[in-house]
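The structure under discussion appears below in the form of structure tokens.
2 protein chains.
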Amino acid sequence: MSTTTLWDVSANNQPHRGHPARSTLADVARLAGVSGSTASIAFSGDGSISAATREKVLKAAAELNYYGPDPRAKSLRQGRSGIVGVVLEDRIIHSFRDPMTIAALDGISQEIGEGGGMLLLTATGVGEPSIQTAVFDAAIFLGCSPHLAGSITVMRQRNVPMVAIEGQHFDGVVAVDLDNRKAAAVMAQHVYDLGHRLVATVTLPLDARRELRALTPADLETATTAVSRDRLEGARAVYPSVTGFVTSTSSSDDGFAAALLLLDVAPDARPTAIIAQSDLIAVGVIRAAEALGLLVPHDVTVVGFDGARIEGFTHHDLTTMVQPATEKGRAAGRAVTELLAGEASPDVAFTCRLHVGDTAAPPTAVAR
Amino acid sequence: MSTTTLWDVSANNQPHRGHPARSTLADVARLAGVSGSTASIAFSGDGSISAATREKVLKAAAELNYYGPDPRAKSLRQGRSGIVGVVLEDRIIHSFRDPMTIAALDGISQEIGEGGGMLLLTATGVGEPSIQTAVFDAAIFLGCSPHLAGSITVMRQRNVPMVAIEGQHFDGVVAVDLDNRKAAAVMAQHVYDLGHRLVATVTLPLDARRELRALTPADLETATTAVSRDRLEGARAVYPSVTGFVTSTSSSDDGFAAALLLLDVAPDARPTAIIAQSDLIAVGVIRAAEALGLLVPHDVTVVGFDGARIEGFTHHDLTTMVQPATEKGRAAGRAVTELLAGEASPDVAFTCRLHVGDTAAPPTAVAR
DNA sequence: CTGTTAGCGCGTTCAT
DNA sequence: ATGAACGCGCTAACAG
Chain A
1 MSTTTLWDVS ANNQPHRGHP ARSTLADVAR LAGVSGSTAS IAFSGDGSIS
51 AATREKVLKA AAELNYYGPD PRAKSLRQGR SGIVGVVLED RIIHSFRDPM
101 TIAALDGISQ EIGEGGGMLL LTATGVGEPS IQTAVFDAAI FLGCSPHLAG
151 SITVMRQRNV PMVAIEGQHF DGVVAVDLDN RKAAAVMAQH VYDLGHRLVA
201 TVTLPLDARR ELRALTPADL ETATTAVSRD RLEGARAVYP SVTGFVTSTS
251 SSDDGFAAAL LLLDVAPDAR PTAIIAQSDL IAVGVIRAAE ALGLLVPHDV
301 TVVGFDGARI EGFTHHDLTT MVQPATEKGR AAGRAVTELL AGEASPDVAF
351 TCRLHVGDTA APPTAVAR
Chain B
1 MSTTTLWDVS ANNQPHRGHP ARSTLADVAR LAGVSGSTAS IAFSGDGSIS
51 AATREKVLKA AAELNYYGPD PRAKSLRQGR SGIVGVVLED RIIHSFRDPM
101 TIAALDGISQ EIGEGGGMLL LTATGVGEPS IQTAVFDAAI FLGCSPHLAG
151 SITVMRQRNV PMVAIEGQHF DGVVAVDLDN RKAAAVMAQH VYDLGHRLVA
201 TVTLPLDARR ELRALTPADL ETATTAVSRD RLEGARAVYP SVTGFVTSTS
251 SSDDGFAAAL LLLDVAPDAR PTAIIAQSDL IAVGVIRAAE ALGLLVPHDV
301 TVVGFDGARI EGFTHHDLTT MVQPATEKGR AAGRAVTELL AGEASPDVAF
351 TCRLHVGDTA APPTAVAR
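Okay, structure coming up:
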């Protein structure tokens with residue numbers, strides 16, 4: 001039997017390459033002269049244990065440079081890792097440049113808190129390693145992607161609780177929604193009520209194509225991104241034939257470029273108002289207008305969407321629909337926490353609020 | 001023997017609570033009539049296997065709704081998870097609001113790529129669950145924190161490869177550095193050469209205190225944040241007795257507040273130049289100056305640090321030190337990849353570049 | 001090309 | 001309060 005023990009100790013412990021062998025909880029237990037389960041309890045603090053034995057165990061651990069259970073083994077044994085997977089739309093870089101995504105991530109982090117970490121993933125399709133092989137206990141889908149359905153199938157099989165922020169509704173997936181369509185309609189109506197009749201829009205990306213391009217009538221049918229499609233539908237509810245441009249990503253650069261194309265035309269063909277689907281885009285539109293010598297809102301009305309507080313953009317107070325972006329993230333984080341605790345969690349729906357700034361005004365009579 | 005098999009199948013399979021029992025690779029193997037290892041190979045594609053057997057296994061898997069190996073078990077067995085832990089300074093929210101941190105995260109994500117995810121953690125000290133219990137194979141410390149040394153001790157014991165961006169140097173931790181001290185000195189010299197003699201600074205947080213406050217002579221000694229201390233030292237090299245304010249976080253709001261305190265004084269006590277430790281702060285300083293009716297750079301010179309492209313801030317071209325923030329992240333990501341492959345990875349040092357914009361000019365004679 | 005064997009490191013029953 | 005066994009789900013060796 002002593003043979004077994006000796007052989008068991010750490011003979012075939014091959015960590016990485018030439019590194020000193022790590023000590024395990026079993027080593028600690030042996031040195032402390034207690035059994036494995038007792039040592040385990042000393043660390044997890046779960047069962048009952050005498051203060052003296054715990055001391056003994058901790059001392060042995062210190063001696064062996066043992067700093068606690070291996071997260072991987074623990075995670076296998078307990079069936080959970082404490083990690084929440086946050087599935088981002090496509091390239092992580094896009095997400096990081098979007099204030100709304102950042103705000104949502106921020107909200108999520110507030111709720112899942114210090115205990116667990118957020119694992120950032122991208123949904124690049126089923127069969128893709130990341131989402132199938134990554135270790136996490138729950139998933140939050142941030143922004144819908146064409147791959148959403150596939151990802152959900154896999155996760156469902158794995159019994160992973162799921163929350164989708166502004167995605168399509170799926171069975172067993174908690175939805176955190178925003179009234180994009182209605183809010184966009186409210187904004188369009190606001191512009192309409194000011195008297196604008198010749199209006200253009202600059203939308204967020206509508207599908208997987210990532211290029212600045214003209215909006216086509218077919219886009220409403222073929223759109224795969226729910227958020228931008230809903231906002232476009234909202235605008236269409238007031239301006240049924242509105243045209244404009246589709247950006248490659250929510251950025252002021254794309255807003256700038258699109259607005260140059262829209263505004264650098266004969267005065268009587270020039271739209272008197274531009275409805276941007278994000279504040280970042282709207283800022284670019286305003287910059288373009290000013291670069292062309294047009295005054296906002298005197299010559300052209302510009303409205304945005306999001307209520308992003310854009311650093312340094314201070315000479316205007318953008319008229320926009322303010323959305324509770326951080327709150328969305330918090331709700332998703334809370335839902336995940338509840339689901340992991342085995343509780344049910346209801347869908348949540350958030351609404352936007354019209355913020356009337358100084359970038360929208362009635363069209364100037366002279367201009368027409 | 002059939003008893004054993006039956007009992008083995010899924011009798012004590014208790015996933016979460018009432019959920020249908022997940023099938024395991026063993027179930028698939030049994031149904032396909034092959035051994036476990038063969039089934040494993042069918043999924044991992046590692047060993048050699050006949051197309052026919054693989055088909056058989058995949059068919060059995062489909063029948064059982066089996067979508068691939070459990071990441072937790074796989075990770076325990078292989079000793080790695082494919083996850084890179086990114087340890088952020090303190091509250092995740094602070095990091096998300098800082099363009100330089102975002103850029104670095106972006107760079108990291110570019111290098112570690114689709115395969116693995118980034119696990120965002122905060123270093124709240126040893127004993128704190130997150131860093132000790134989280135599953136990851138390598139750690140990147142983003143911005144030094146007071147807890148850095150402790151975190152490193154734990155990770156070292158766990159044989160986790162480590163990279164520190166702009167942290168102190170530790171044995172066995174790859175350093176990705178920026179020449180903060182020298183760059184700050186270059187910038188201060190630039191201001192000096194323009195003729196400024198009465199100069200103030202607005203620094204990033206110097207220690208764990210998170211409040212806007214006056215800079216004191218003791219701060220250089222007690223500072224725990226290397227980046228801001230180095231930048232302050234650089235400024236002190238040119239202006240040995242420079243005073244000013246310490247912000248609570250890199251934001252234009254804090255820059256605004258600090259600048260109001262610095263500039264709203266008698267004209268002959270007013271600094272002719274303000275050296276901000278970040279562009280965000282500088283933007284706030286400029287806003288404050290303009291709010292007080294001062295012209296930049298005519299009445300007051302303002303310089304920043306970072307080279308952040310701040311959305312919508314366009315009426316000035318900020319004079320600043322441009323740092324390769326995304327590149328820093330990429331270097332860290334690359335280092336981690338190399339370390340995980342068992343290769344050595346050298347330290348990397350980046351340098352800043354002076355960008356001369358239009359916010360710095362010689363002091364106006366009338367003002368003195 | 002496939003099957004057998006032996007754990008990865010831990011937590012969790014049962015006993016005592 | 002403590003110890004002995006067992007297996008979470010999978011894969012790396014080796015044998016055939």
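Protein sequences, first through last, are from chains A and B. Using full-length UniProt numbering, the first residue of the first sequence is number 1, and each one after it goes up by one. Using full-length UniProt numbering, the first residue of the second sequence is number 1, and each one after it goes up by one. Ideal Cβ positions, reconstructed from N, Cα and C, are used throughout, including at glycine. These numbers come from a predicted model, not from an experiment.
- At a Cβ-Cβ threshold of 8 Å, B/ARG231 and B/ALA184 count as neighbours.
- In this structure, A/THR320 and A/HIS298 do not form a Cβ contact; the two beta carbons are roughly 19 Å apart against a cut-off of 8 Å.
- Going by beta carbons, A/ASP358 and A/ALA175 fall outside the 8 Å limit.
- Sixteen is the threshold: since fewer than 16 other Cβ atoms of the shown chains lie within 10 Å of the Cβ of B/THR222, the residue is exposed.
- Interface criterion met: the Cβ of A/THR133 is under 8 Å from a Cβ in chain B.
- When the beta-carbon positions are compared, A/LEU76 and B/ARG22 stay at least 8 Å from each other.
- Cβ neighbours of A/THR249 within its own chain (closer than 6 Å, five residues either side excluded): HIS94.
- The DSSP-derived three-state label of A/LEU121 is strand.
- The beta carbon of A/GLY172 sits no closer than 8 Å to any beta carbon of chain B.
- The alpha-carbon of A/VAL265 is positioned some 27 Å away from that of A/ARG209.
- In chain order, LEU263 place their CB closer than 7 Å to the CB of B/ARG270, counting only its own chain and leaving out the 5 sequence neighbours on each side.
- Closer than 9 Å at the C-beta level to chain A, one finds these residues of the segment 243 to 266 of chain B: SER251 and SER252.
- The beta-carbon separation of A/GLY329 and A/ALA103, rounded to 7 Å, stays under the 8 Å limit for a contact.
- The criterion of a C-beta distance shorter than 8 Å is not satisfied by A/ALA134 and B/GLY333.
- For B/ILE310, the closest alpha carbon among the candidates B/VAL283, B/LEU292, B/GLU290 and B/PRO161 is that of B/VAL283.
- Selection B/VAL202, B/HIS316, B/ASP317 and B/PHE313 evaluated against B/LEU260 yields B/VAL202 as nearest (Cα-Cα).
- Against chain B, the CB of A/PRO71 has a partner CB under 8 Å away; the residue lies at that interface.
- Using a CB distance cut-off of 8 Å, B/PHE96 counts as an interface residue toward chain A.
- Beta-bridge partners of A/ILE275 (DSSP): A/THR201 and A/VAL303.
- B/VAL336: member of the alpha helix (DSSP H) spanning 325 to 340, first to last residue.
- The Cβ atoms of B/GLY117 and B/THR326 do not sit closer than 8 Å to each other.
- With fewer than 16 neighbouring CB atoms inside 10 Å of its own CB, B/PRO217 falls in the exposed class.
- Beta-bridge analysis with DSSP links B/GLY85 to B/LEU119 and B/ALA139.
- Taking all protein chains shown into account, A/ASN180 has 16 or more neighbouring C-beta atoms within 10 Å of its C-beta and is therefore buried.
- The Cβ-Cβ distance between A/LEU25 and A/SER40 falls below 8 Å.
- Against B/GLN277, chain A offers no close residue; the least beta-carbon distance is about 16 Å (beta-carbon pairs closer than 7 Å).
- With respect to the C-alpha of A/LEU88, the residue from A/ILE140, A/THR38 and A/ARG158 having the closest C-alpha is A/ILE140.
- Interface criterion met: the Cβ of A/MET118 is under 8 Å from a Cβ in chain B.
- Against chain A, a Cβ distance below 7 Å from B/ASP27 picks out nothing, because the smallest value is about 13 Å.
- A/SER345 sits away from A/ALA361, with the two beta carbons spaced by 8 Å or more.
- Put simply, the backbone Cα of A/HIS190 is about 11 Å away from that of A/ALA235.
- Close to B/ASP90, with beta-carbon spacing below 9 Å, lies no residue of chain A; the smallest spacing is near 11 Å.
- Apart from sequence neighbours up to five positions away, the residues of its chain that approach B/THR272 with a beta-carbon distance below 6 Å are HIS196, LEU198 and PRO363, ordered along the chain.
- Around B/VAL238, the same chain offers ALA185, ALA188, GLN189 and TYR192 as residues with beta carbons nearer than 7 Å, after the five sequence neighbours per side are excluded.
- Separation of A/LEU119 and B/PHE136 (C-alpha to C-alpha, rounded to the nearest whole angstrom) is 10 Å.
- Taken in chain order, the complete alpha helix (DSSP H) segments of 4 residues or longer contained in the segment 18 to 60 of chain A are 25 to 32 and 36 to 44.
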